[in-house]
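Residue numbers (the numbering used here), protein chains in the order written: chain A, -14 to 605; chain B, 692 to 956. Backbone N, C-alpha and C fix where the C-beta goes; we use that ideal spot for every residue, glycine too.
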């Protein structure tokens, strides 16, 4: 090893001459000349290559490439299956060229060094597949590893035999890895344009069913037929047009979006409120108008996303604001669904008052609030890990109670309650699963309520008390906050918001079974909250749109229906990546970002304070 | 003592705290009178902070009684003790670090405010009035510390404050609970001489301008001499001396507790 990269432990870099103002891009580090192309940190490359190769083999043996191969991104050129095999070499190739920008550490201008390092690392990652091809050809891997199908071998070899597979994957890996390295070299504008193009292509392929559906509603099928191939995926001409269009757009819009956002953030007082109000109204208008043009499929998807937004907003109050890690949140969803079913359905085994949905909703809210109190009362006396485990238990207990023979006279046991009528809205409309558009509007209305509740409560005496409890429970209590009451309140508010979702769910699906309320639902809601950005309303909505809309919920298919088998795997991978790269979530709350990057921010603030105190305080 | 005729605001009688056989406090009798500043001193492990914890119900007293304004505090939850009118600070600063400076003093008025979920949701006049009121009182309390915690600092998260300012904010937070008695646990620990001299002055002003009775745990003898009307010395959970600073400072038992046996010889 002739060179030490910053992340490797090694001798400290030689002291640099004092940094001159404006010398470096961000004023923090000094630019150094590019490193020589072949003086690589081979050990690092080998390590990352090996990790990537293992990842590739794992992906292949999970049968993901074969399953996803049916979904074309660009017709005849790239399928989702092959895409799943080039993501890792690209990431590894790019990662190898990563340098930390730190004060006092020389920052080498990227160049051939990065490309060659990326290519080498990418070849290793791709080599994982070469190795796999050889293993498949020579040994019987089906015995211990049952998931993969023999089609994998053909897929890896492009139907040309093992030797070809070995060579082609080394080559593909090297090429993709080099591209990853190249991403470090090209100027940031080019990088942004490139990423926009790639994401546009991927996005429009993913959203295919959605856009087709919308286009049909608006009567522009002809345009869609030109972009999308009949058997799925973009047409080549369509892909080129999209890439070119988005590339030009990204080039023209460079910095503008960020600038506009900065301008809005810089606004103060009423002007800022007006800008935010405008944004909210515009979003609301789109959400109200869009479903009118959309078909069943899109509305079904939107309704599912909305249901999870509702659940996630409820859980966000419990976890995000009050800091109570509730792993059994599905209990309230279940109680909401079942109580709505019992109160509205004629087929309910024991009592069947057959109330109209809106009247039943009052009962649902009261019942779920009561259950929230009952579960909450013992649970919130615990703290931290113990509390999480106990909520997990209660979530299961509720499901098992609905399943039990003991209560089957009331709730139908594993048969559940079926034939639940839709929700009648003051005689105006009938909301039922057969009409996803009306379901979506109902969900939208309740989401609006939930957003309002979250927003108002966060800025109230109760919300501040929740935050204080989250920060330091002992001190909160010593400052006169009745922590038991306050936490119980968070539990109940969260439960009531969850019950809305449950009541809509039972009217939408028309039947409730204990199997709809598995522990998995709790986990998925929690993942949505964490992934989106804990404590932030917009983040929670975004998380739900990405996870539930694209990947699909526990039972609900998302846009990428092919993923359904690998949903949990991808959830897990996304969550791990998120915790490493961006622990504050997709769209974080300001507070949470501060919390997680406290040290850096505190340092900055301290430095500022030092100079300030020197000027100000000693004179007084 | 001129205050002897008055009824004490805080009184402990035979207060004992037991940590599984270890007597952290043992039969402690202590009285604090309205408008008085009492210092509690003693070597490490003497039971000073335990005394505070017992008064604020953070730890349970195993024997004896604590009376505040003539009523017993035994068996109350910490938040009830605070709403009766006792506020405290912590030895190792414990702010709500991710809440803003203003929010810190707003949230500690929790037990003085009434508005619940419905007020917040309906945005009632009562809710808005109460919000305005606690914001106002919060700012008033913060302005007690001069320019340090006001202006742009209102909206800064508490952890960005310098160490001395964090200590000041802790006191402000205690003041915001609208107490009659404030317990200060080593308020000047870790401060430089200028800062601690300034804070010493502030402790006096807390009594004079705000009318609080104050109990202060302090190791800095300079501060103790400056602020205290009376000094109580603890050692191994037992009160070994009480009186004004000049008397206590020459008490052989106190010197022995601090310097060890034989130091008085």
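Distance CB(residue i)-CB(residue j) smaller than 9 Å
i	j	result
residue 752 (chain B)	residue 707 (chain B)	yes
residue 17 (chain A)	residue 127 (chain A)	no
residue 798 (chain B)	residue 846 (chain B)	no
residue 811 (chain B)	residue 442 (chain A)	yes
residue 781 (chain B)	residue 700 (chain B)	no
residue 317 (chain A)	residue 291 (chain A)	no
residue 53 (chain A)	residue 79 (chain A)	no
residue 867 (chain B)	residue 944 (chain B)	no
residue 884 (chain B)	residue 858 (chain B)	no
residue 308 (chain A)	residue 422 (chain A)	no
residue 674 (chain B)	residue 840 (chain B)	One cannot answer for residue 674 (chain B) here, as it falls past the ends of chain B, which runs 692 to 956.
residue 574 (chain A)	residue 528 (chain A)	no
residue 276 (chain A)	residue 283 (chain A)	yes
residue 475 (chain A)	residue 306 (chain A)	yes
residue 109 (chain A)	residue 160 (chain A)	no
residue 39 (chain A)	residue 89 (chain A)	no
residue 115 (chain A)	residue 295 (chain A)	no
residue 218 (chain A)	residue 458 (chain A)	no
CB-CB length for residue i against residue j, believed under 8 Å
i	j	result
residue 417 (chain A)	residue 492 (chain A)	7 Å
residue 545 (chain A)	residue 536 (chain A)	6 Å
residue 874 (chain B)	residue 906 (chain B)	5 Å
residue 396 (chain A)	residue 387 (chain A)	5 Å
residue 794 (chain B)	residue 449 (chain A)	6 Å
residue 185 (chain A)	residue 228 (chain A)	7 Å
residue 192 (chain A)	residue 200 (chain A)	That belief does not hold up - the Cβ atoms of residue 192 (chain A) and residue 200 (chain A) are roughly 11 Å apart, past 8 Å.
residue 301 (chain A)	residue 520 (chain A)	7 Å
residue 484 (chain A)	residue 321 (chain A)	3 Å
Partner residues on chain B for residue i, Cβ-Cβ distance less than 8 Å
i	result
residue 442 (chain A)	808, 811, 812
residue 449 (chain A)	790, 794, 797, 798, 801
residue 452 (chain A)	787, 789, 790, 794, 798
Those residues which DSSP pairs with residue i across a bridge
i	result
residue 756 (chain B)	B:704
residue 197 (chain A)	Looking at the DSSP assignment, residue 197 (chain A) forms no beta bridge with any residue, so it has no partner.
residue 93 (chain A)	A:17
residue 926 (chain B)	B:929
residue 287 (chain A)	The partner list for residue 287 (chain A) (beta bridge, DSSP) is empty, contrary to what the question assumes.
residue 710 (chain B)	B:713
residue 876 (chain B)	B:908
residue 402 (chain A)	A:497
residue 917 (chain B)	None; residue 917 (chain B) has no bridge partner.
residue 213 (chain A)	A:219
residue 779 (chain B)	B:874
residue 732 (chain B)	B:924
residue 791 (chain B)	B:848
residue 542 (chain A)	A:537
residue 763 (chain B)	B:758
Within chain A, partners of residue i - CB distance below 9 Å
i	result
residue 883 (chain B)	Here the premise fails: no neighbours, minimum Cβ distance about 11 Å.
residue 690 (chain B)	Because chain B is modelled from 692 through 956, residue 690 (chain B) falls outside the range shown and cannot be assessed.
residue 804 (chain B)	446
residue 749 (chain B)	459, 462, 463
Contacts of residue i in chain B (Cβ-Cβ under 9 Å)
i	result
residue 145 (chain A)	Those do not exist, as residue 145 (chain A) stays about 59 Å from chain B at its closest Cβ, beyond 9 Å.
residue 611 (chain A)	An answer regarding residue 611 (chain A) cannot be provided, because it is not within the stretch -14 to 605 covered by chain A.
residue 474 (chain A)	807, 808
residue 478 (chain A)	808
Under 7 Å by beta carbon: chain B residues contacting residue i
i	result
residue 438 (chain A)	812
residue 368 (chain A)	Per Cβ cutoff of 7 Å: no residues; residue 368 (chain A) is ~15 Å from chain B at best.
Neighbouring residues, chain A, relative to residue i (Cβ below 7 Å)
i	result
residue 785 (chain B)	457, 460
residue 769 (chain B)	462, 463
residue 864 (chain B)	464
Contacts of residue i in chain A (Cβ-Cβ under 8 Å)
i	result
residue 774 (chain B)	465
residue 857 (chain B)	Here the premise fails: no neighbours, minimum Cβ distance about 11 Å.
Residue i Cβ short of 8 Å to the ligand SAM heavy atom set
i	result
residue 226 (chain A)	The ligand content of the structure shown is nil, which means the ligand SAM is not present either.
Checklist entry - Between the stretch 87 to 102 of chain A and the stretch 143 to 152 of chain A, do at least 3 Cβ pairs fall closer than 8 Å? => result With the cut-off at 8 Å, the stretch 87 to 102 of chain A and the stretch 143 to 152 of chain A do not touch.
Checklist entry - Would you say the stretch 821 to 828 of chain B touches the stretch 740 to 755 of chain B, given that touching needs at least three Cβ pairs under 8 Å? => result Fewer than three beta-carbon pairs drawn from the stretch 821 to 828 of chain B and the stretch 740 to 755 of chain B are found closer than 8 Å, and the two stretches are therefore not classed as touching.
Checklist entry - For the 8 Å Cβ check, are there 3 or more pairs between the stretch 312 to 329 of chain A and the stretch 362 to 380 of chain A? => result With a cut-off of 8 Å, the stretch 362 to 380 of chain A and the stretch 312 to 329 of chain A count as touching, because enough Cβ pairs lie within range.
Checklist entry - Per the contact definition of three or more C-beta pairs closer than 8 Å, is the stretch 717 to 728 of chain B in contact with the stretch 921 to 941 of chain B? => result The stretch 921 to 941 of chain B vs the stretch 717 to 728 of chain B: in contact.
Item to check | Sufficient close CB pairs (3 or more, under 8 Å) joining the stretch 326 to 336 of chain A to the stretch 428 to 441 of chain A | outcome: Not touching, per the Cβ criterion.
Checklist entry - Would you say the stretch 79 to 93 of chain A touches the stretch 232 to 247 of chain A, given that touching needs at least three Cβ pairs under 8 Å? => result Taking 8 Å as the limit for Cβ pairs, the verdict is that the stretch 232 to 247 of chain A does not touch the stretch 79 to 93 of chain A.
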